[in-house]
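The UniProt record's numbering puts the sequence shown at residues 1 to 494.
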Amino acid sequence: IFQNDEKSSQQITDSTSKESGAMITSSNTSYSPTSSDKTILVLKDQLRRAKIYIGFLPSRGNHGFVKDLRRRMRDIQQALSGTTIDRQLPKNVHKKIRAMESILTKIKQVHDNCAAAIDKLQTNLHWTENQLEANKQEATYAAQVAAKALPKRLHCLALRLTNEYYTSSSNNKHFPYQDKLEDPKLHHYALFSDNVLAAAVVVNSTLIHAKKPADHVFHIVTDKLNYAAMRMWFLANPPVKAAIQVQKIEEFTWLNSSYSPVLKQLASQFMINYYFRTPQNKPDRNPKFRNPKYLSILNHLRFYLPEIFPKLNKVLFVDDDIVVQQDLSPLWSVDLKGRVNAAVKTCGEVFHRFDRYLNFSNPLIAKKFDRHACGWAYGMNMFDLSEWRRQNITAVYHYWQEQNEHRLLWKLGTLPAGLVTFWNNTFPLDRSWHLLGLGYKRNVNPMDIEQAAVIHYNGNLKPWLEVGLPKYRSYWSKYVNFDHAFIRECHIHP
Ligand SMILES: *[C@@H]1O[C@H](CO)[C@@H](O)[C@H](O)[C@H]1NC(C)=O
Ligand SMILES: *[C@@H]1O[C@H](CO)[C@@H](O)[C@H](O)[C@H]1NC(C)=O
Ligand SMILES: *[C@@H]1O[C@H](CO)[C@@H](O)[C@H](O)[C@H]1NC(C)=O
Ligand SMILES: *[C@@H]1O[C@H](CO)[C@@H](O)[C@H](O)[C@H]1NC(C)=O
Ligand SMILES: *[C@@H]1O[C@H](CO)[C@@H](O)[C@H](O)[C@H]1NC(C)=O
1 IFQNDEKSSQ
11 QITDSTSKES
21 GAMITSSNTS
31 YSPTSSDKTI
41 LVLKDQLRRA
51 KIYIGFLPSR
61 GNHGFVKDLR
71 RRMRDIQQAL
81 SGTTIDRQLP
91 KNVHKKIRAM
101 ESILTKIKQV
111 HDNCAAAIDK
121 LQTNLHWTEN
131 QLEANKQEAT
141 YAAQVAAKAL
151 PKRLHCLALR
161 LTNEYYTSSS
171 NNKHFPYQDK
181 LEDPKLHHYA
191 LFSDNVLAAA
201 VVVNSTLIHA
211 KKPADHVFHI
221 VTDKLNYAAM
231 RMWFLANPPV
241 KAAIQVQKIE
251 EFTWLNSSYS
261 PVLKQLASQF
271 MINYYFRTPQ
281 NKPDRNPKFR
291 NPKYLSILNH
301 LRFYLPEIFP
311 KLNKVLFVDD
321 DIVVQQDLSP
331 LWSVDLKGRV
341 NAAVKTCGEV
351 FHRFDRYLNF
361 SNPLIAKKFD
371 RHACGWAYGM
381 NMFDLSEWRR
391 QNITAVYHYW
401 QEQNEHRLLW
411 KLGTLPAGLV
421 TFWNNTFPLD
431 RSWHLLGLGY
441 KRNVNPMDIE
451 QAAVIHYNGN
461 LKPWLEVGLP
471 KYRSYWSKYV
481 NFDHAFIREC
491 HIHP
């Protein structure tokens, strides 16, 4: 799959740079009125370049490039229609050419900035290969996955930050307040993410509403590809008073396939085939089931919280597609009544019950669980780690994960595994703590959004994507500092 993608993106790059070369030649010669019919050639050349960009730019850019470009294209097409010699062109054609050239130049700059950042990063990666302990093939593969999953501008941001991290002086790479990281009296957050901007919004929005920011501690775990970028962001934008820790999953050597059944399964050929082979004779033709995201170990880290935080008693697990709108500290004093997990239940909607996620035709499932039981949501969960250890919930999780080796109990994702693991062990939080659905529902009541302590863009329409639902975007984007140099340079706009 990836090889094909690489080829086609190579083609785009090649033809774009060729066209950009042509632009320089033509704009140098095009304004000579004496050379016959040169202007028509210039117009046609502009149209050709514009069409390439149209195919290449996201179709719903906030910056208006695309709209502007389409308008200029119509202008040029109009000027050209039915014309074969320069003399038939309208009088104002040079004005049109200049307008088109100006927009094409702007787009080219955006594109080149990003291309230059990628070049620079690749050089850096080469130098720091030992430091990153990156196996080259693995890094290339991972870079492709990252580039596929993240839009260009967020990719650009991660690259700029990574570059900064390795080129800035090495003295200043430590976070303050490290003594707080293991203090069980404080409010600890677990955030597992490979998206710098999303993580930044979670941290920023939490602290803006915290009554005592100094009591909050953020533990971010990312992967090696995003590690430098994630550190750099929070070094450059240190949260006031709150403590922060950034780790990469590769540091957790205890989390390996001899310990974790899910890692063993992920490594097995069966799973590699399951996720990556073309689906010719596969029953699951839904591409969602083959999304490499579901392979990411980061997603499974939530089942190892007691191991990740051996000194802590309680941790608030948060997804990176949430925004915090109130002080969350009261959550640490909710009495979970001996339960390990606290979450909002989702049984308001019939399709969020157990039988939606688990295979009740399987006797193991049918015997143990109630098909009509309420599901609950990941995204903002309080976990009582002391209870987790006392009840050895990790063993429960491992048991079910092993039973599901052949995907007969559930297909994908972490929620079904969570439902079986925390069965009869989930305390229902009041719904106003956690409002779901901003990543797929189109008619969430604005009052409900404003009153929720945490809003969650679960679904595919993330607020940082072009496809994000515009009416919910500002609840997220108001926590992004769009004046930040890197954000501006990567053309990330509200
Ligand atoms: C795998 O993890 C176990 C414990 O979880 C640990 O004892 C062992 O050393 C690890 N193996 C490697 C190769 O790191
Ligand atoms: C559900 O479980 C049954 C019994 O193990 C199995 O035959 C069936 O294929 C499973 N269904 C799915 C969709 O995996
Ligand atoms: C939890 O269960 C596992 C078996 O899955 C066992 O190896 C481990 O010792 C148990 N831990 C405790 C604290 O009982
Ligand atoms: C549910 O958990 C409670 C303790 O929290 C226990 O008393 C009860 O027997 C459990 N019920 C089931 C069906 O497992
Ligand atoms: C955090 O959010 C506030 C607005 O709510 C914004 O002014 C600020 O720039 C943000 N900080 C960062 C580091 O993004």
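The beta carbon of each residue, even a glycine, is placed where N, CA and C say it ideally should be.
Is DSSP giving residue i helix, strand or coil here?
i: T426; result: strand
i: Q245; result: strand
i: L312; result: coil
i: K345; result: strand
i: L385; result: helix
i: C156; result: helix
i: A214; result: helix
i: F354; result: helix
i: V454; result: strand
i: Y259; result: coil
i: A146; result: With a pLDDT of 44 at A146, under the threshold of 50, the predicted position of this residue should be treated as unreliable, though the coordinate-derived value follows. Correct three-state label for A146: helix.
i: F486; result: helix
i: I85; result: coil
i: E138; result: Confidence at E138 is low in this model, with a pLDDT of 42, below 50, so its placement is unreliable and the value that follows should be read with caution. In the structure shown, E138 sits in a helix (DSSP, three-state: H, G or I).
i: A395; result: helix
i: H406; result: coil
i: V203; result: helix
i: V66; result: helix
i: W376; result: strand
i: I220; result: strand
i: N323; result: Position check: residue 323 holds Val in this sequence, whereas Asn was assumed. Note: V323 maps to strand in three-state DSSP.
i: L435; result: strand
i: K288; result: Low per-residue confidence applies at K288: pLDDT is 41, beneath 50, and the placement is therefore not dependable, though the value from the model is reported in the following sentence. Here K288 sits in helix by DSSP.
Tell me the rounded alpha-carbon separation between residue i and residue j.
i: R339; j: L385; result: 10 angstroms
i: Y399; j: S260; result: 10 angstroms
i: Y475; j: N381; result: 21 angstroms
i: N424; j: V196; result: 35 angstroms
i: V324; j: K96; result: 48 angstroms
i: A267; j: S257; result: 8 angstroms
i: A228; j: Y53; result: 32 angstroms
i: Q391; j: H155; result: 42 angstroms
i: A79; j: V93; result: 7 angstroms
i: K311; j: E182; result: 6 angstroms
i: V344; j: L255; result: 29 angstroms
i: K478; j: G418; result: 32 angstroms
i: G437; j: Y357; result: 17 angstroms
i: A200; j: L89; result: 53 angstroms
i: L429; j: I365; result: 26 angstroms
Just tell me which of the options has its CA closest to the CA of residue i.
i: R442; options: V420, L469, T426 and Q247; result: L469
i: F383; options: N359, Y357, L358 and F309; result: F309
i: I85; options: K44, L435, V203 and V221; result: K44
i: A485; options: K67, V203 and E164; result: E164
i: K433; options: V444, L419 and Q451; result: One point to set straight first is that residue 433 is Trp, not Lys, in the sequence displayed. The residue with the shortest Cα to Cα distance from W433 is Q451.
i: G413; options: D179, T253 and S296; result: S296
i: K67; options: G82, T83, S81 and A50; result: A50
i: residue 498; options: N226, K368 and V203; result: The requested residue 498 is not part of the displayed model; the chain covers only 1 to 494.
i: K38; options: R74, R87 and L69; result: R87
i: L191; options: K152, Y304 and L41; result: Y304
i: K264; options: I220, E405 and Y472; result: E405
i: R160; options: K211, I220, Q178 and A236; result: A236
i: Q178; options: R353, A366, V246 and K367; result: V246
i: K180; options: L207, T162, K241 and A198; result: K241
i: K224; options: D483, E251 and R389; result: E251
i: V42; options: I76, R71 and P151; result: I76
i: W410; options: I449, F422, F354 and G379; result: F354
i: Y378; options: Q326, L415 and P176; result: L415
Report buried or exposed for residue i, applying the criterion of at least 16 other Cβ atoms within 10 angstroms of its Cβ.
i: Y46; result: The sequence given here has Gln at residue 46, not Tyr. Buried, by the Cβ-count rule.
i: Q401; result: buried
i: residue 519; result: A question about residue 519 goes unanswered here, because the residues of the chain that appear run from 1 up to 494.
i: H174; result: exposed
i: G439; result: buried
i: N172; result: exposed
i: Q122; result: For Q122, the predicted structure reports a pLDDT of 49, less than 50, and the residue's modelled location is therefore unreliable. A value from the coordinates is still provided. Flag for Q122 reads exposed.
i: M447; result: exposed
i: S333; result: exposed
i: A395; result: exposed
For ligand 6, any of its heavy atoms closer than 7 angstroms to the Cβ of residue i?
i: N256; result: Absent from the structure shown: ligand 6. Ligands present: ligand 1, ligand 2, ligand 3, ligand 4 and ligand 5.
Strictly under 8 angstroms for the Cβ-Cβ distance: is residue i near chain D by that measure?
i: L41; result: Absent here is chain D; the protein component of the structure consists of one chain.
Taking 8 angstroms as the cut-off, does the stretch 357-374 touch the stretch 455-473 (at least 3 CB pairs, one atom from each stretch)? Here the stretch 455-473 does not lie against the stretch 357-374, with fewer than 3 beta-carbon pairs under 8 angstroms apart.
May I ask you to verify whether the stretch 176-190 touches the stretch 211-219, counting CB pairs closer than 8 angstroms and requiring at least 3? Yes, they touch.
If you pair each beta-carbon of the stretch 327-345 with each one of the stretch 225-237, do three or more pairs fall below 8 angstroms? Contact between the stretch 327-345 and the stretch 225-237 is absent, because fewer than three Cβ pairs lie under 8 angstroms.
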